[in-house]
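Input: a single structure, listed below in structure tokens.
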Amino acid sequence: LPAILGLEAAGIVESVGTAVTRFQPGDRVAYPNVPGSYAEYNCIPEERLVPVPDGLSLELAAASMLQGLTGHALTHSTYPVDANSQVLIHAAAGGAGQLLVQLCKMKGARVIGTVSTQAKANIAKQAGADDIIFYNDVDFVAETRSLTDGVGVDVIYDSVGKTTFEPGLSALRPRGTMVLFGNASGAPDPVNPALLMQKGSLFLTRPILFDYIATREELEQRCSDLFGWLENGDISIRIDRTLPLADAATAHRLLESRQTAGKLLLKP
């Protein structure tokens, strides 16, 4: 401390260093996974910047960085979803959840989403979810097994963590994959690896985006795909609201109270 929060943004290049070759003042750019985005200006290494196409707004570019790239990595690399996949996505109406639903449907998968309210169910359905589970009202494990004729799903994308992780292992088919990528309800308790064997020789992974955009080539490829899908209307990003940068504390309170469905943007 002191430190500036924020790991993703989009904007206009103001000036460049003498060794910069990829960008020039006036270029529209975006970046993920670089600290300090809660600011009017930030100094970014050029290898971590990507150009924003003319047909895409800076707001959508900013909103797509962390969650969009995470969704791309999870569905294309962590567990490559295909048309035969049955997928369970927790918090399917959240920003990451909506993108995961859309990306899985693009690949032809069957998607089951968990939500807490009817309003959020409507959002998840609009994103393309085939089936909805109200996790406050029913046992999501039993419901998932019922929806899959007792087999279980191929993969679970879990951003919730503590309250859903261990029960979710029982909703997977034998040799299914648990992708734990968030801890919204807190970090899960430690798990004995033998439990994965007992539940059906399961696979468990805890990915982080940085390792999936570690090279310039991978960052460019994922961003190119993502921006292209957004421009073509193949996927959409729901922006819940835009607040002034000075109201960052309000944005955090909204997130903590779970009063949002989609991305919150801060604008200087």
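Sequential numbering of the sequence shown, starting at 848, is according to the working numbering. Virtual Cβ for every residue (Gly too), placed ideally from N, Cα, C.
CB of residue i within 9 Å of CB of residue j, strictly
{"i": "Q1161", "j": "A943", "result": "No answer is possible for residue 1161: it lies beyond the span of the chain, which begins at 848 and ends at 1115."}
{"i": "D1001", "j": "Y926", "result": "yes"}
{"i": "L1077", "j": "L916", "result": "no"}
{"i": "C951", "j": "S932", "result": "yes"}
{"i": "V928", "j": "E893", "result": "no"}
{"i": "Q945", "j": "R1085", "result": "yes"}
{"i": "T1024", "j": "T1052", "result": "yes"}
{"i": "E855", "j": "Y888", "result": "no"}
{"i": "G1008", "j": "P1035", "result": "yes"}
{"i": "T1089", "j": "L1113", "result": "yes"}
{"i": "T964", "j": "A939", "result": "no"}
{"i": "V881", "j": "Q871", "result": "no"}
{"i": "R1022", "j": "G997", "result": "no"}
{"i": "I1003", "j": "G1109", "result": "no"}
Collapsed DSSP secondary structure at residue i in the structure displayed
{"i": "P1116", "result": "The chain is shown from 848 up to 1115; residue 1116 falls before or after that span and cannot be answered."}
{"i": "F1028", "result": "coil"}
{"i": "R1100", "result": "helix"}
{"i": "Y1059", "result": "helix"}
{"i": "I980", "result": "strand"}
{"i": "A866", "result": "coil"}
{"i": "T1107", "result": "coil"}
{"i": "P1040", "result": "helix"}
{"i": "D1087", "result": "strand"}
{"i": "G1023", "result": "strand"}
{"i": "K1114", "result": "strand"}
{"i": "Q871", "result": "coil"}
{"i": "E887", "result": "coil"}
{"i": "L848", "result": "coil"}
{"i": "K1046", "result": "coil"}
{"i": "L896", "result": "coil"}
{"i": "G1080", "result": "coil"}
{"i": "A1095", "result": "helix"}
{"i": "K1009", "result": "coil"}
{"i": "E1075", "result": "Reading the sequence as shown, one finds Gly at residue 1075 and not Glu. Correct three-state label for G1075: helix."}
{"i": "A974", "result": "helix"}
{"i": "A1034", "result": "coil"}
N-terminal and C-terminal residue of the beta strand (DSSP E) that residue i is part of
{"i": "E875", "result": "Before going on, a small fix: residue 875 reads as Arg here, not Glu. Its beta strand (DSSP E) spans residues R875 to P879."}
{"i": "A856", "result": "E855 to I859"}
{"i": "P1014", "result": "Note, P1014: premise wrong, no beta strand (DSSP E); alpha helix (DSSP H) at F1012 to G1015."}
{"i": "R804", "result": "An answer regarding residue 804 cannot be provided, because it is not within the stretch 848 to 1115 covered by the chain."}
{"i": "Y1004", "result": "V1000 to D1005"}
Whole-number beta carbon distance between residue j and residue i, since they are thought to touch under 8 Å
{"i": "A857", "j": "L921", "result": "Between L921 and A857 the Cβ distance is about 22 Å, and since that is not below 8 Å, they are no contact."}
{"i": "D986", "j": "R957", "result": "Not quite, the Cβ-Cβ distance comes to about 20 Å (not below 8 Å), so this is no contact."}
{"i": "D1005", "j": "L1027", "result": "5 Å"}
{"i": "V876", "j": "P898", "result": "6 Å"}
{"i": "A1098", "j": "L1111", "result": "5 Å"}
Residue i Cβ short of 8 Å to the ligand HEM heavy atom set
{"i": "I1084", "result": "This structure simply doesn't include the ligand HEM, nor any ligand for that matter."}
Subject >> 3 or more residues per run - each beta strand (DSSP E) lying fully within the stretch 898–938 >> reply: Within the stretch 898–938, the runs of beta strand (DSSP E) that reach at least 3 residues and sit entirely inside it are, in chain order, 933–936.
**OP:** Within the stretch 940–967, note down every full beta strand (DSSP E) run reaching 3 residues or more, in order along the chain.
**Re:** As far as the stretch 940–967 is concerned, its whole beta strand (DSSP E) runs of at least 3 residues are 957–962.
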